[in-house]
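> Those protein sequences? They're chains W and H, same order as listed.
Quick note: the first sequence uses my numbering, first residue 346, plus one each step.
Quick note: the second sequence uses my numbering, first residue 346, plus one each step.
Number of protein chains: 2
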Amino acid sequence: MTESAGGEHAGTMSISDVAERTGLSTHTLRYYEREGLMFAPVDRASSTHRRYTEADLNWVTFLTKLRMTSMPIAKIREYVELARQGDDSTAERLDLLLVHRMNVERQLEEVTASLAAINHKIGIYQERLSA
Amino acid sequence: MTESAGGEHAGTMSISDVAERTGLSTHTLRYYEREGLMFAPVDRASSTHRRYTEADLNWVTFLTKLRMTSMPIAKIREYVELARQGDDSTAERLDLLLVHRMNVERQLEEVTASLAAINHKIGIYQERLSA
DNA sequence: GATTGACTTAGAGCGTGGTTTAAGTCCTAC
DNA sequence: GTAGGACTTAAACCACGCTCTAAGTCAATC
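(1) Have a look at Thr-457 of chain W and Asn-464 of chain H and give me their C-alpha separation to the nearest angstrom.
(2) What does Thr-414 of chain W reach in chain H if we use C-beta pairs closer than 8 Å?
(3) Would you list the residues sitting across from His-394 of chain W in a DSSP beta bridge?
(4) Just the Cα atoms here: how many angstroms apart are Trp-404 of chain W and Glu-454 of chain W?
(5) Starting from the beta carbon of Tyr-376 of chain H, find every residue of chain W whose beta carbon is closer than 9 Å, and list them in chain order.
(6) Got a sec: which bits of the region 422-443 of chain W sit with their beta carbon under 8 Å from any beta carbon on chain H, in order along the chain?
(7) For Leu-474 of chain W, would you say it is in contact with chain H, using Cβ-to-Cβ distances shorter than 7 Å as the test?
(8) Taking the DSSP output, what are the residues bridged to Met-358 of chain W?
(9) For the structure I just gave you, are there three or more beta carbon pairs, one from the region 390-410 of chain H and one from the region 354-368 of chain H, closer than 8 Å?
(10) My assumption, with CB atoms under 8 Å, is that Ala-462 of chain W sits in contact with Lys-420 of chain H. Please give the rounded CB distance.
(11) Smallest Cα separation from His-445 of chain W: which of W:Pro-417, W:Ala-428 and W:Asp-432?
(12) Got a sec: which bits of the region 387-412 of chain W sit with their beta carbon under 9 Å from any beta carbon on chain H, in order along the chain?
(13) How about Val-449 of chain W: is its C-beta nearer than 7 Å to some C-beta of chain H?
(14) Establish whether the CB of Tyr-470 of chain H and some CB of chain W are separated by less than 7 Å.
(15) Would you kindly report the start and end of the unbroken alpha helix (DSSP H) that includes Met-447 of chain W?
(16) Helix, strand or coil for Phe-384 of chain H, going by three-state DSSP, please let me know.
(17) Which whole-angstrom value describes the C-beta separation of Leu-439 of chain H and Leu-460 of chain W, a residue pair presumed to lie in contact below a C-beta threshold of 8 Å?
(18) Helix or strand or just coil, what does DSSP make of Lys-420 of chain H?
(19) Decide if Thr-443 of chain H is buried, meaning its Cβ has at least 16 other Cβ atoms within 10 Å, or exposed.
(20) Counting contacts by CB-CB distance shorter than 7 Å, is Ile-467 of chain W in contact with chain H?
(21) Using beta-carbon positions only, say whether Leu-382 of chain H and Val-425 of chain H come within less than 7 Å of one another.
(22) Mapping DSSP to helix, strand and coil, what is Ser-349 of chain W?
(23) Just tell me which of W:Ser-392, W:Thr-406, W:Leu-427 and W:Glu-423 has its CA closest to the CA of Leu-374 of chain W.
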């Protein structure tokens, strides 16, 4: 009943499969799980090796979006804990994401403004070199 | 010969003046200097207290642009060391900044793409709440 | 059914970028 | 000239997010 490519098993994946698909290391995947960032504990094959479902993969992928936008681990954990409470927590999760979005937008503005200053300096150097 | 406001002295500023103007802490300003990020050592009043010139302030301000765009301290030090060599290093400084610009642009793209996914989730929550 | 490489846990270690502490010195105001 | 706050240094400390180690277990292949 095992599959060929990558050692996948009827729609489930090993930790290294998920590592490859998400760009995270297996270390980091275990670390995230330990930190309580998974929606639910990952299933185990034979009660030891992790078997990730597609839903697990999608969840981890969303986690990486939060991390890429610099949401701290602790804040992600808050979000996950709300998510585990089900639909009742929708308003709180929305608030959390709206606050985060504002942070990200401010961050983008700051980086963009700094980039403009760097571009200005680049222009000065290019002029100096063409002279 | 002392000035009134802020304790400034004929165009020079105390470390706390610079902290206020740059948004950095006095600790961080000393740390950057220790790390060799100043173009030249900051002048001292009475051989102890730092006196920053406008040029120092401008330099620190540019450093903050590099930091805001996540240039590591070590890379900034490289840049500073080139800058201290004078105009001969213009091409190398330009290269360094061009590489950095590519990194920043990729970073901006990643953050923007992640933000889109977060916005998608926000939309789902908003729909769910309005139902 | 043995080998071998992937997996497991718990816990220590690390890189980065500051921040804090301790002990002391200096400058401004009175 | 003295009080008090701002300044000084060297060095220890910290938060964060991983990353690595050690010692052992498991699973796919031969």
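Backbone N, C-alpha and C fix where the C-beta goes; we use that ideal spot for every residue, glycine too.
Per the coordinate set shown:
(1) 20 Å
(2) Val-456, Ser-459, Leu-460 and Ile-463
(3) Beta-bridge pairing links His-394 of chain W to W:Ala-390.
(4) Near 28 Å, if we compare the C-alpha coordinates of Glu-454 of chain W and Trp-404 of chain W.
(5) The contact set of Tyr-376 of chain H on chain W, defined by CB atoms closer than 9 Å, is empty, because the minimum CB distance reaches about 20 Å.
(6) Asp-432, Thr-435, Ala-436, Arg-438, Leu-439, Leu-442 and Leu-443
(7) For Leu-474 of chain W, at least one C-beta of chain H is nearer than 7 Å to its own C-beta.
(8) W:Tyr-397
(9) yes
(10) Actually they do not touch by this definition, with Cβ atoms about 16 Å apart.
(11) W:Pro-417
(12) Thr-406, Phe-407, Thr-409, Lys-410, Leu-411 and Arg-412
(13) yes
(14) yes
(15) Its alpha helix (DSSP H) spans residues 435-475.
(16) Three-state result, Phe-384 of chain H: coil.
(17) Rounded, the Cβ-Cβ distance is 16 Å, inconsistent with contact.
(18) helix
(19) First, the residue type needs correcting, since residue 443 of chain H is Leu and not Thr in the sequence shown. Burial call: exposed.
(20) Closer than 7 Å to some Cβ of chain H, the Cβ of Ile-467 of chain W qualifies, so yes.
(21) The answer is yes: Cβ separation under 7 Å.
(22) Note that Ser-349 of chain W scores 34 on pLDDT, short of 50, meaning its location in the model is unreliable; the coordinates nonetheless yield the value given after this. Assigned with DSSP and collapsed to three states, Ser-349 of chain W falls in coil, not helix or strand.
(23) A check of alpha carbon separations from Leu-374 of chain W across W:Ser-392, W:Thr-406, W:Leu-427 and W:Glu-423 identifies W:Thr-406 as the nearest.
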